[in-house]
Amino acid sequence: MAAACYHCGEPVSPAGRWHAPLLGAEREFCCAGCRAVAQTIAQAGFERYYETRTAPGLKPRLEPAPSARACDDAQAQREFTQSSGPRERSATLVLGGIRCAACLWLNEATLRALPGVTRAHVDYASRRAQVSWDPERTRLSALIEALRDVGYDAWPWDPRRQEQLERGERRAALWRLFVAGFGAMQVMMYAFPAYIDDGAGTLARESETLLRWASLALTLPVLVFSCGPFFAGAWRELRGLRPGMDTPIALGIGAGFAASAWATLTGTGAVYFDSIAMLVFLLLGARYLELVARGRAVRSLDRLARWSPEFALRLAEGAPRRVPAHALAAGDRVLVPAGERVPADGVVLTGRSSVDESLLTGEALPLAKAPGAPLAAGSLNLEQPLEMRVERAGGETRAAAIARLVQRAAASRPALVAAADRIAHALTWVVLAVALLAGLNAADPWVAIAVLMATCPCALALAAPVALTRAAGELLARGVALTRASALETLAAATDVVFDKTGTLTAGHLRLAGTRVVGAIPEAGCLALARALEARSRHPLARAFDAKGPAPEVGEAREFPGEGVEGRVGGRRVRIGAEPFCRALARSPAPASADGAPIAVWLADERGWLAEFRLDDAPRPEAPAAVAALRSAGLRLHLLSGDRPAAVAAVGAQLGIAEARGGALPQDKFDYVARLQREGRVVAMIGDGLNDAPVLARADVSFAMGGGADAAQRQADLVVLGDAIGEVPGAFARARRAMRIVRQNFAWALGYNALALPLAAAGVIGPWEAAVGMAASSFIVVLNALRAGGGAGQESAWKASSSSSPSPSPSYS
Amino acid sequence: MESLVLLVPLSVAVVFLIGWLFWRALRGGQFDDLERPGIDVLSDDR
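As structure tokens, this is what we get:
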């Protein structure tokens with residue numbers, strides 16, 4: 012086993028040719044390029060990269076890259092750079108070769124170390140660097156070349172470039188599909204006479220030769236052009252000695268074509284040009300469908316990452332000035348015209364409008380915004396211009412935080428997909444071995460080719476990813492961000508739902524549930540007194556007393572923080588608040604409480620006790636329906652809370668959650684979940700994700716509610732962005748649906764291969780049956796995976812594509 | 002059967018001609034967006 016290159020991880024041969032001291036030891040490199048990169052990194056003092064990276068570096072290209080000088084052209088720079096201040100220009104660079112977080116750090120550190128660079132920020136989600144530099148001290152090409160020196164590539168970001176790349180890919184796929192389809196149709200025509208004749212000898216020998224040559228002429232472009240991806244994939248797999256799903260296909264097609272071509276040349280034996288062309292066509296059709304489906308799913312996941320503001324209208328001395336959005340800083344005043352997206356998180360200063368936040372929360376209805384209201388970057392201003400004060404800009408906005416979360420999930424592979432890949436990998440070896448043995452045994456290459464064509468490890472490889480990506484994209488469109496790829500799997504298996512806080516079910520504002528009169532003044536009078544006193548208080552409890560309504564005049568009102576309010580009404584002192592506070596005025600012990608009121612507020616004056624008000628927390632309007640939906644989905648519900656037992660029991664009773672426990676310490680919650688798990692239950696926990704992280708981590712899968720600005724800090728598998736508990740049952744339903752489809756696909760793929768492999772090896776099915784079976788299997792798997800989205804997916808995809816155009820009318824969907 | 006000698010090569014030529022036509026349409030962007038035109042029909046503003 013040769014040593015691995017310290018930079019890129021490829022094997023080193025011959026050993027000792029390129030080496031350099033690094034991080035206190037002599038390191039081996041595979042080529043001069045890797046050594047140069049490593050030395051550049053070390054000389055700049057960035058060796059830390061090698062300690063923190065989680066993926067090997069990219070092997071640098073040995074041929075010289077096109078000069079970056081073209082980027083310095085003043086005319087060209089007008090396209091992609093902006094002047095962001097006196098003697099400062101900024102641009103966005105797309106980075107190539109980013110593998111892990113250490114790469115980002117290395118890029119950022121390299122840029123920042125350059126003289127003349129005033130700002131450098133690398134964004135992981137979009138893999139873009141935002142840089143500002145002083146044009147008098149450095150040039151853009153120097154920045155780009157510095158990045159190339161440490162082994163990455165960079166080019167100025169042009170929004171159209173990404174689109175162009177994708178469009179090119181789609182066009183090429185469609186063109187390949189067309190060539191294969193048309194070729195297959197025509198070749199089938201030429202094969203038809205031979206099938207009719209079927210050895211009867213009615214087909215003239217010359218005619219048959221002619222038809223075979225015509226088939227060869229049309230199968231050749233199919234093989235050379237349409238099969239390009241299969242052969243390229245197989246070559247990659249074989250070179251890495253990891254045969255995957257492309258290897259058997261490429262071998263089968265290649266060997267089939269070679270055998271048929273030989274039969275045509277020599278005029279002996281069977282030809283299967285028609286089977287080959289048709290197999291290619293159907294396989295490409297399945298892959299094209301998958302490409303479209305994946306593109307759609309990724310687009311719905313990428314909406315946030317792709318959305319990034321380019322310009323903002325900064326108000327300086329009253330006049331708006333166009334500046335690059337990433338040059339905004341906290342405290343800037345910005346004008347947001349109607350029909351444009353908010354460039355940063357902040358607060359409305361002047362103006363009234365409604366704002367569409369569907370990009371962030373999935374909430375389709377526009378929200379009214381008045382001065383003082385918070386604005387989130389990425390939301391669309393619908394009606395009137397707004398002036399705002401920036402609080403967080405660039406990578407610190409809520410939109411950027413959510414995009415990073417989603418990106419993190421997309422970068423990780425669900426356990427299920429990894430397992431499927433392992434099985435597909437093992438199956439490929441089996442197929443190759445069986446094909447070889449069966450071919451030798453039957454002494455007929457067509458048996459081996461049939462085995463290669465019939466078995467379909469690709470059905471296994473395709474079984475899960477599309478369905479899972481699609482489900483994740485749809486959840487995001489509904490305001491639930493998946494932060495860990497395996498969460499869908501666990502979510503689908505969950506049997507118990509534990510609400511970790513009363514606050515996840517209640518609206519958080521108190522209301523008056525009942526009044527018990529214990530003194531001489533009737534209820535209406537007590538309420539009027541309470542209203543009058545509490546109007547002077549800013550305590551959350553005070554909001555339970557409606558400010559409107561008759562209230563007597565209060566004099567000498569004073570608030571005692573944490574205790575209550577005292578005032579003078581009609582010549583006597585009156586207090587409202589906690590029991591001890593009122594007892595000090597009433598000078599007698601409080602009358603015993605009739606029942607365990609969740610929250611009690613007392614009213615007393617100098618002569619004695621007057622009334623006890625019972626307050627409770629109202630459930631969120633959507634909570635009863637959500638709880639009912641979860642229960643009817645067969646989930647057992649629990650409510651654990653640190654609040655007082657009576658309050659928790661009241662909420663539990665209102666919503667019909669039998670297992671409601673109050674007064675639970677974090678350790679109690681932890682034990683409770685652990686006990687459920689010991690009973691074999693799979694626990695989904697719903698909390699706020701801030702101070703209950705250990706409990707959420709203990710649960711099998713966790714939701715964090717209300718992912719506000721700190722969405723990224725919330726330690727949960729799923730973050731409910733819009734703070735709407737109503738989306739939680741939908742998440743369970745979608746996860747189950749996606750997993751059901753994945754399981755169906757697995758069952759199909761395994762069943763099909765278990766049947767096809769022995770039949771093909773025994774020579775029962777020939778090449779053409781094998782081709783039909785394999786292509787049909789791929790199609791079935793992809794089509795089934797597409798169901799994971801369903802009708803709702805179509806609608807949200809359309810909404811996503813149409814929401815970029817400003818629409819003054821709210822969309823009720 | 003002799004006509005096959007002419008017709009079969011002709012059909013091969015026609016396949017290549019149609020392939021070229023499709024390639025031109027593809028490059029012209031006719032297949033880039035198969036959803037928008039359907040929606041465009043419903044909107045009045047042009």
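Those protein sequences? They're chains A and B, same order as listed.
Numbering-wise (our numbering), the first sequence opens with residue 12 and increments by one.
Numbering-wise (our numbering), the second sequence opens with residue 2 and increments by one.
For glycine and all other residues, C-beta sits at the position ideal for the given N, C-alpha and C.
Please read all numbers here as calculations on a predicted model, not as lab measurements.
Hey, would you say residue i sits closer than 7 Å to residue j, going by beta carbons?
i       : j       : result
V693(A) : A505(A) : yes
G834(A) : V303(A) : No answer is possible for residue 834(A): the residues shown for chain A start at 12 and end at 824.
M399(A) : G350(A) : no
G733(A) : G490(A) : yes
V13(B)  : A225(A) : yes
A323(A) : A336(A) : yes
Y60(A)  : L115(A) : no
A288(A) : V198(A) : yes
E570(A) : G588(A) : no
T361(A) : P382(A) : yes
A449(A) : V441(A) : no
L707(A) : M696(A) : yes
A261(A) : A281(A) : no
Grab the span of the beta strand (DSSP E) containing residue i for me, first residue to last.
i       : result
M256(A) : M256(A) -> no beta strand (DSSP E), and no H or E assigned at all.
V783(A) : Where V783(A) is concerned, there is no enclosing beta strand (DSSP E), although the alpha helix (DSSP H) it sits in stretches over P778 to L797.
K380(A) : L378 to K380
G578(A) : G575 to V580
T7(A)   : Outside the modelled stretch of chain A, which goes from 12 to 824, sits residue 7(A), for which no answer is possible.
Q31(B)  : Counting along the chain, Q31(B) falls outside any beta strand (DSSP E), and DSSP gives it neither H nor E.
R325(A) : F322 to A327
F57(A)  : Run containing F57(A): none; DSSP gives neither H nor E here.
Need the endpoints of the alpha helix (DSSP H) that residue i sits in, please.
i       : result
L346(A) : Unbroken run through L346(A) is the beta strand (DSSP E), R344 to V347; no alpha helix (DSSP H).
L660(A) : The identity of residue 660(A) in the sequence shown is Ala, whereas the question assumes Leu. It spans P656 to L666 - the alpha helix (DSSP H) in which A660(A) sits, taken as one unbroken run.
V458(A) : P456 to A465
V497(A) : Sequence inspection shows Ser at residue 497(A); the Val mentioned does not correspond to that position. Element bounds for S497(A): n/a, residue is neither H nor E.
Between residue i and the rest of its own chain, which residues show a CB-CB distance below 6 Å, the 5 nearest in sequence each way excluded?
i       : result
A671(A) : L650, V659, A660 and G663
D628(A) : T517 and L521
Y763(A) : S788
A202(A) : D285
P67(A)  : C19 and G20
W779(A) : S286
P146(A) : R100
M785(A) : M464, A465 and C467
Buried or exposed for residue i, going by 16 or more other Cβ atoms inside 10 Å?
i       : result
F17(B)  : exposed
R332(A) : exposed
V401(A) : buried
Q31(B)  : exposed
N452(A) : exposed
R139(A) : buried
L43(B)  : exposed
D33(B)  : exposed
S4(B)   : exposed
D209(A) : exposed
T63(A)  : exposed
G804(A) : Residue placement at G804(A) is poorly supported in this model, since its pLDDT is 38, which falls under 50; the coordinates still yield a value, given next. Buried, since its Cβ has 16 or more Cβ neighbours within 10 Å.
W21(B)  : exposed
Q54(A)  : exposed
Among residues of its own chain, excluding the 5 on either side of residue i, which ones have a beta-carbon nearer than 7 Å to its beta-carbon?
i       : result
C537(A) : T526, V528, L614, L621 and A622
A379(A) : S365
V638(A) : L648, L666, G667 and I668
A782(A) : S286, M289, L290 and M464
F592(A) : F571, E574, G575 and R586
Apart from the five residues just before and just after residue i, which ones in its own chain have a Cβ nearer than 8 Å to its Cβ?
i       : result
G802(A) : Since pLDDT at G802(A) reaches only 43, below the 50 mark, its modelled position is unreliable, and the value read off the structure follows with that caveat. If we look at G802(A) and ignore the five residues flanking it on each side, it has no Cβ neighbours.
A387(A) : V353, D356, E368, L371, T408, R409 and A410
L676(A) : G653
- Got a sec: which bits of the region 183 to 207 of chain A sit with their beta carbon under 8 Å from any beta carbon on chain B, in order along the chain? L185, W186, F189, V190, F193, G194, Q197, M200 and Y201
- Message: For the region 220 to 237 of chain A, list every residue whose C-beta sits within 9 Å of some C-beta in chain B, in sequence order.
- Response: L221, L222, W224, A225, A228, L229 and P232
- For the region 15 to 46 of chain B, enumerate the residues whose C-beta is nearer than 7 Å to any C-beta of chain A, in chain order. V16, I19, G20, F23, W24, L27, F32 and D33
- Query: In the region 296 to 309 of chain A, which residues sit with their C-beta less than 7 Å from some C-beta in chain B, listed in chain order?
  - Reply: So the list is empty, because no residue satisfies the distance condition.
- What residues in the region 4 to 15 of chain B bring their beta carbon closer than 8 Å to a beta carbon of chain A? L5, V6, V9, P10, S12 and V13
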